[in-house]
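**Q** If you count the first sequence from 1, you need to add 253 to reach the working numbering.
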Amino acid sequence: MSVVRLNEQQSMAVKQTSSPLLVLAGAGSGKTAVITQKIVHLITRCGYQPNQIAAVTFTNKAAKEMKARVGKLLGDSSVKGLIVSTFHNLGLNIIRREHRTIGIRQNFTIFDDQDSLALMRELCKKDVDADKSELIEILNRISAWKNDLKLPDQAIAQAKDNDELLAAKLYEAYTRSLKAYNAVDFDDLILVPTLLFQQNETIREKWHHRIRYLLVDEYQDTNTSQYELVKLLTGKLGNFTVVGDDDQSIYSWRGAQPKNLELLQKDFPNLKVVKLEQNYRSCGRILKSANVLIANNPHLFDKKLWSDKNYGEPIRVLSVKEDNDEAERVVNEILSRRIKQNLKYRDFAILYRGNHQSRLIERALVIKQVPYKVSGSTSFFARAEIKDIMAYLKLLINPDDDNAFIRIANVPRREIGATTLEKLGSYANQRGIGMFAAIFELGLEEHLTGKGLSAVRRFGQLIVKASDNLKRGDTLAVLNELLAYIGYHGYLFETSSSPKAAEYRWSNVAELLKWIEKGIEDNAQAEDPFATTVTKICLREMLDRNSEEESEQNEVQLMTLHASKGLEFPHVYLLGMEEELLPHKSSIEEDNIEEERRLAYVGITRAKETLSIMVAKQRQRYGEMINSVPSRFLEEMPQEDLDWEEDRQQLSDDEKRERGKNNLANLRKMLSS
DNA sequence: TCTGCATTAATTTTT
DNA sequence: TTAATGCAGA
254 MSVVRLNEQQ
264 SMAVKQTSSP
274 LLVLAGAGSG
284 KTAVITQKIV
294 HLITRCGYQP
304 NQIAAVTFTN
314 KAAKEMKARV
324 GKLLGDSSVK
334 GLIVSTFHNL
344 GLNIIRREHR
354 TIGIRQNFTI
364 FDDQDSLALM
374 RELCKKDVDA
384 DKSELIEILN
394 RISAWKNDLK
404 LPDQAIAQAK
414 DNDELLAAKL
424 YEAYTRSLKA
434 YNAVDFDDLI
444 LVPTLLFQQN
454 ETIREKWHHR
464 IRYLLVDEYQ
474 DTNTSQYELV
484 KLLTGKLGNF
494 TVVGDDDQSI
504 YSWRGAQPKN
514 LELLQKDFPN
524 LKVVKLEQNY
534 RSCGRILKSA
544 NVLIANNPHL
554 FDKKLWSDKN
564 YGEPIRVLSV
574 KEDNDEAERV
584 VNEILSRRIK
594 QNLKYRDFAI
604 LYRGNHQSRL
614 IERALVIKQV
624 PYKVSGSTSF
634 FARAEIKDIM
644 AYLKLLINPD
654 DDNAFIRIAN
664 VPRREIGATT
674 LEKLGSYANQ
684 RGIGMFAAIF
694 ELGLEEHLTG
704 KGLSAVRRFG
714 QLIVKASDNL
724 KRGDTLAVLN
734 ELLAYIGYHG
744 YLFETSSSPK
754 AAEYRWSNVA
764 ELLKWIEKGI
774 EDNAQAEDPF
784 ATTVTKICLR
794 EMLDRNSEEE
804 SEQNEVQLMT
814 LHASKGLEFP
824 HVYLLGMEEE
834 LLPHKSSIEE
844 DNIEEERRLA
854 YVGITRAKET
864 LSIMVAKQRQ
874 RYGEMINSVP
884 SRFLEEMPQE
894 DLDWEEDRQQ
904 LSDDEKRERG
914 KNNLANLRKM
924 LSS
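As structure tokens, then:
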């Protein structure tokens, strides 16, 4: 690894440091190698100190991998101070350092979307009658405004209709609540630093000084506020390298603006552009199919990916009767190919459009006792028991977090009902303080009667005591003691449908505690290791923990197409290549086929050696079977490279004849080409 | 205030 | 089909 031969373009990309640089890096063209080599180059050849360089990615996984690679090249000790983090993490660090100027108190909470939803529900409770999907709709609008650097007053002023005006007003209220709770949401992690840099030249200069060179991975995924942050961080000098591929832009729903690639040329006239077009990952046929497919999309930049690897096996299209068969077929395939071709479980990846699709596959894998790993699923954090415990942790760190307070004041039941909370809330509101702080105010006694008051005060003391203990004792011991004291284990048994379910939920809690233990160890040098750990968990930074251990693990990889970006696998199974699934129904309705095509492109280009595409004729949806049609993307792919294979037993004679014809046609095409 | 039953919505992707 | 939500009654 330490001796990496770069091709001409890669080498140009690494050595170009005098002007801003855009690297257009096709799938599998070695962009991570370029970024890591460039960091090395900057440090060893250009006189940069490691702590003057920042490399920004979008996922924790990518950041972790990049850090490990650079560490390997230079030695872990000599990259001290080098920033390799996600956009959100970088923003978090800026907010932490500058919290005073921003007007946020230390130990602020990070709201994940579950928290935001709970808050929005609370805000709507009073006068707006909205169900969950409407709340999410409003939150999405707010998120879009934030990503577009629009503040509440602008949103209100520019509202086009009543719906929008309502959302804009809720945006204002939401922002005020976050402020009061001493909390920020995911979008704020970018928005707040960007606004700060826009408004405060001194601080901007300070960070210019701190970060002299910036590298951005997956640049096509940046949204408006992220691009603005990049510009503010690098200033007019434009000491940056951004790497991106418009064909792999799959996050427009999150505000990503692939046109930021073009904007760069306008904003930085001295921008240099380097294209990486040699693919080192996939065999020729897979690459060709991907190219042919993506040629159906319009392009910002021309790019011709090529490979000098061998052509490889045909791409198999496995057509099965229904989704159950799909799962069974894939698992059987993996089992037999593993034996026949002497492969490891981890050589296989199963990719799909939506998280729910993993369920059937998981079941089949469990039955056949195949070890597997589902990655990128955030469902862990959606679990009630995890949300409960996280709320306790957040409240311990930030007593102003009313959101957390409301969630757990009565969990487990301690006779603090809705009415009591309501009264406490309005009192706190009127006094302009947090609910937790309000508990101890004498004035509260006028608003709450004996029973409610004592229940609330008991709860307050519980938190105060635990918080005091945390300052002294061993964190984990204190947390365990707290859980034992509130009887959370017992509570799970009372509220679960079966003891088995309760045990499972408790094991989730135990898992969370294990993460915290590990986090505290890893961040022992931090000012507040416990708070740091909780923050990292909020940012999902510990989702795929101990990546080194993990790479030793031998498990079939399951993930969504989105989660697969940036990864590669020898053998890939692409599930559900059907209309309404890929492209997804809602994308068809919204006429956003191009992004779905890119998603398919990403999936196909993950494969190094073989690709198998699954198509089911019927699929269960909301409990009833519906017929499905092969995806239009299959038609767009080069037919001579596809090998259709029907499930033999389920073939009618007609279908067999049809298949034969097709195969013959394919064979002819192959011979003639 | 809590429990149990009935009704209904969900399946796009994530830091 | 499953999971979450809402309502009625104790």
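We treat Cβ as the ideally placed atom computed from N, Cα and C, and that holds for glycine.
Given the structure is predicted, the values throughout are model-derived calculations rather than measurements.
1) Are at least three pairs of beta-carbons, each pair with one atom in the stretch 482-501 and one in the stretch 281-297, less than 8 Å apart?
2) Does V256 come out as helix, strand or coil in the three-state DSSP assignment?
3) Identify which residue in V469, L485, A280 and D440 has its Cα closest to the Cα of H461.
4) Is N360 near N313, with beta carbons less than 9 Å apart?
5) Compare the beta carbon distance of R859 and E821 with 9 Å and say whether it is the shorter of the two.
6) By a C-beta neighbour count over all protein chains shown, 10 Å radius and 16 as the cutoff for buried, is E888 buried or exposed?
7) Please classify R599 as buried or exposed, where buried requires at least 16 neighbouring CB atoms within 10 angstroms.
8) Would H824 be called buried (16 or more neighbouring beta carbons within 10 Å of its own) or exposed?
9) Return the chain-ordered list of same chain residues with a C-beta closer than 7 Å to the C-beta of V256, the five sequence neighbours on each side being excluded.
10) Classify I347 as buried or exposed, calling it buried when 16 or more other Cβ atoms lie within 10 Å of its own Cβ.
11) Determine the DSSP secondary structure at K314, reduced to helix, strand or coil.
12) Based on Cα-Cα distance, which residue from R569, N663 and V573 lies nearest to D894?
13) Rounded to the nearest angstrom, how far is the Cβ of I288 from that of M319, given a contact under 8 Å?
14) Contact between the stretch 870-887 and the stretch 833-850 is defined here as three or more beta-carbon pairs at a separation below 8 Å; is this criterion met?
15) Roughly how many whole angstroms lie between the Cα atoms of A635 and Q367?
16) Using the beta-carbon count (16 or more within 10 Å), is L490 buried or exposed?
17) Take P273 and list the residues in its own chain whose beta-carbon comes closer than 6 Å to its own, dropping the five residues that flank it on each side.
18) Can E515 and S430 be called in contact, C-beta distance under 9 Å?
19) Entirely within the stretch 589-676 and at least 3 residues each: give me those beta strand (DSSP E) ranges in chain order.
20) Per DSSP, which residues does S572 bridge with? Please list them.
21) In the DSSP output, what is Q531 paired with across the bridge?
22) Rounded to a whole number of angstroms, what is the C-alpha to C-alpha distance between V762 and I639?
23) Need the endpoints of the beta strand (DSSP E) that S338 sits in, please.
24) Hey, P927 and S271 are a contact pair by Cβ (cut 8 Å); roughly how many whole angstroms apart?
25) Let's see if you can read the secondary structure: which residues bound the beta strand (DSSP E) around G696?
26) At 3 residues or longer, what runs of the beta strand (DSSP E) sit wholly inside the stretch 364-419?
27) Would you call Q452 buried or exposed, if buried means 16 or more other Cβ atoms sit within 10 Å of its Cβ?
28) So what does DSSP say about L729, is it helix, strand or coil?
29) Roughly how many angstroms lie between the CA atoms of L423 and I389, to the nearest whole one?
30) Comparing alpha-carbon positions, which option in E579, I661 and G300 lies nearest S865?
31) Cα separation between L259 and L723?
32) Given a cut-off of 9 Å on the beta-carbon distance, is the pair L335 and A371 in contact?
33) Look up L468 in the DSSP assignment and give the residues it is bridged to.
34) As a quick exercise: from R667, L468 and A671, pick the residue whose alpha carbon is nearest that of L715.
35) Are the beta-carbon atoms of M688 and I659 separated by less than 9 Å?
36) With the cut-off set at 9 Å, would you say E832 and V882 are in Cβ contact?
**A** Taking the coordinates as given:
1) Contact between the stretch 482-501 and the stretch 281-297 is present, because at least three Cβ pairs lie under 8 Å.
2) Confidence in V256 is poor, its pLDDT being 48 and thus under 50, which makes the residue's placement unreliable; the coordinate value appears in the next sentence. In the structure shown, the three-state DSSP call for V256 is coil.
3) Cα-wise, what sits closest to H461 is L485.
4) Not in contact: N360 and N313 (Cβ atoms no closer than 9 Å).
5) In this structure, E821 lies closer than 9 Å to R859 by Cβ.
6) Taking every protein chain shown into account, the CB of E888 has fewer than 16 other CB atoms within 10 angstroms, so this residue is exposed.
7) Around the beta carbon of R599, a 10 Å sphere encloses 16 or more other beta carbons of the protein chains shown; the residue is thus reported as buried.
8) Counting the other CB atoms within 10 Å of its CB gives H824 a total of 16 or more, which places it among the buried residues.
9) Low confidence applies to V256: its pLDDT is 48, below 50, so where it sits in the model is not reliable enough to give any reading.
10) Per the 10 Å Cβ criterion, buried.
11) K314: helix per DSSP, three-state reduction.
12) Per the Cα distances, R569.
13) The beta-carbon distance between I288 and M319, rounded to whole angstroms, is 7 Å. This is short enough to meet the 8 Å contact definition.
14) Here the stretch 870-887 lies against the stretch 833-850, with 3 or more beta-carbon pairs under 8 Å apart.
15) The alpha-carbon of A635 is positioned some 7 Å away from that of Q367.
16) With fewer than 16 other Cβ atoms within 10 Å, it is exposed.
17) Around P273: G491, F493, F521 and L524.
18) It is not a contact, given that the beta carbons lie outside the stated cut-off.
19) Taking only runs of at least 3 residues, the beta strand (DSSP E) segments lying wholly in the stretch 589-676 are 601-605 and 625-627.
20) Bridge partners of S572: V868 and E899.
21) Residue pairing by DSSP places Q531 opposite W559 in a beta bridge.
22) Each residue's Cα considered, the two are about 6 Å apart.
23) The continuous beta strand (DSSP E) containing S338 extends over residues I336 to T339.
24) Nothing about residue 927 can be read from this structure; the chain reaches only from 254 to 926.
25) No residue range can be given for G696, since it is assigned to no beta strand (DSSP E) and is classified by DSSP as neither H nor E.
26) Runs found: none.
27) Classified as exposed, Q452 has fewer than 16 neighbouring CB atoms from the shown chains inside 10 Å of its CB.
28) Reduced to three states, the DSSP call for L729 is helix.
29) Rounded to whole angstroms, L423 to I389 spans 12 Å at the Cα level.
30) For S865, the closest of E579, I661 and G300 by C-alpha to C-alpha distance is E579.
31) Going by the C-alpha atoms only, they are around 52 Å apart.
32) Contact check for L335 against A371 fails: the beta carbons are separated by 9 Å or more.
33) Secondary-structure assignment with DSSP links L468 through a beta bridge to A308 and T494.
34) It is R667.
35) Contact check for M688 against I659 passes: the beta carbons are separated by less than 9 Å.
36) For E832 and V882, yes; Cβs fall inside 9 Å.
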